[in-house]
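Worksheet: one structure, shown below.
Residue numbers (the UniProt record's numbering): 1 to 251.
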């Protein structure tokens, strides 16, 4: 029997072939959860939903009405929501001296504003005794050049989970974040062809290896399961093999 039998999970950011959202969705489904997968691109969502016997619902995290509709659809089909995972985000690079308001806004719209609205509608659908998880980044914990917009948005949400944990304490909804180090995904795959970068990361990581999608999926499963993590709330879980204690590698 799966540890999440009878539970319903909504996972946003699950349209990639090899990304955090899809890996988490598959793992939650393996443990018996009904999983609603969501992203802007509907085509790949349909394939994933078919594979895990779940439901695909398109959603643009920059549009609050679509976030609200996503949770309404999950509730309509499965009767409620117990777990909500936000893995959506926009990666951006740029030195502060080169930033403009126009270049900053897209990342904030999805990674900060959208994430806060995700909390709002997830909590409304969960009602009580649930888990909300957001995926953050190691770069929100330790700084790197050119990362002000991306990392700043992630760091803001990492703080907001603490506020959410307090605001929703009467509903006993837990809010936690997973701050991931460099892991091979659709977005980062090119970096894994550069031996010097990977060797530098391994050299600086006390665990002595790179993280994997399985590491991410198991961490999300842990936070989703009340029996295993029911007393963990308002926390940022570092998923970087100890690299968060040092500094970003220099090649």
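Don't be surprised by glycine CBs; every beta carbon is placed ideally from N, CA and C.
Between residue 121 and the set 137, 146, 83 and 155, the nearest pair of CA atoms involves 83.
Sixteen is the threshold: when 16 or more other Cβ atoms of the shown chains lie within 10 Å of the Cβ of residue 185, as they do, the residue is buried. Shown here, residue 214 sits in a helix according to DSSP, grouped into three states. An exposed status is given to residue 191, since fewer than 16 other beta-carbon atoms sit within 10 Å of its beta-carbon. For residue 17, the secondary structure class from DSSP, reduced to helix, strand or coil, is coil. Looking at the backbone, the Cα of residue 187 and that of residue 19 are separated by about 8 Å. Taken in chain order, the unbroken stretches of alpha helix (DSSP H) that lie wholly in the stretch 77-116 and span 4 residues or more are 101-108. When the beta-carbon positions are compared, residue 242 and residue 165 stay at least 8 Å from each other. Burial check for residue 89: the Cβ neighbour count within 10 Å reaches 16 or more, so the residue is buried. With fewer than 16 other Cβ atoms from the protein chains shown falling within 10 Å of its own Cβ, residue 53 counts as exposed.
Beta-carbon to beta-carbon, residue 237 and residue 151 are separated by about 17 Å, too far to satisfy the 8 Å threshold. The stretch 19-72 is shown to contain whole beta strand (DSSP E) runs of 3 or more residues at 34-39 and 55-58, in chain order.
If you draw a straight line from the Cα of residue 86 to the Cα of residue 197, it comes to about 28 Å. In this structure, the alpha-carbon of residue 27 lies about 15 Å from that of residue 13. Counting only unbroken stretches of 4 or more residues, the alpha helix (DSSP H) elements lying wholly within the stretch 107-170 are 115-126 and 148-167, in sequence order. Beta-carbon to beta-carbon, residue 173 and residue 110 are separated by about 22 Å, too far to satisfy the 8 Å threshold. With fewer than 16 neighbouring CB atoms inside 10 Å of its own CB, residue 101 falls in the exposed class. Within its own chain, the residues whose Cβ lies closer than 7 Å to the Cβ of residue 49, once the five positions on either side in sequence are excluded, are 37, 55 and 56, listed in chain order.
The alpha-carbon of residue 171 is positioned some 6 Å away from that of residue 129. Within the model, the alpha-carbon separation for residue 155 versus residue 239 is close to 15 Å. Per DSSP, the beta-bridge partners of residue 8 are 34. Here residue 227 is exposed. Its C-beta has fewer than 16 other C-beta atoms within 10 Å.
Judged by DSSP in its simplified three-state form, residue 239 adopts strand.
Between residue 115 and residue 157 a beta carbon distance of about 5 Å is seen, short of the 8 Å cut, so the two are scored as contacting.
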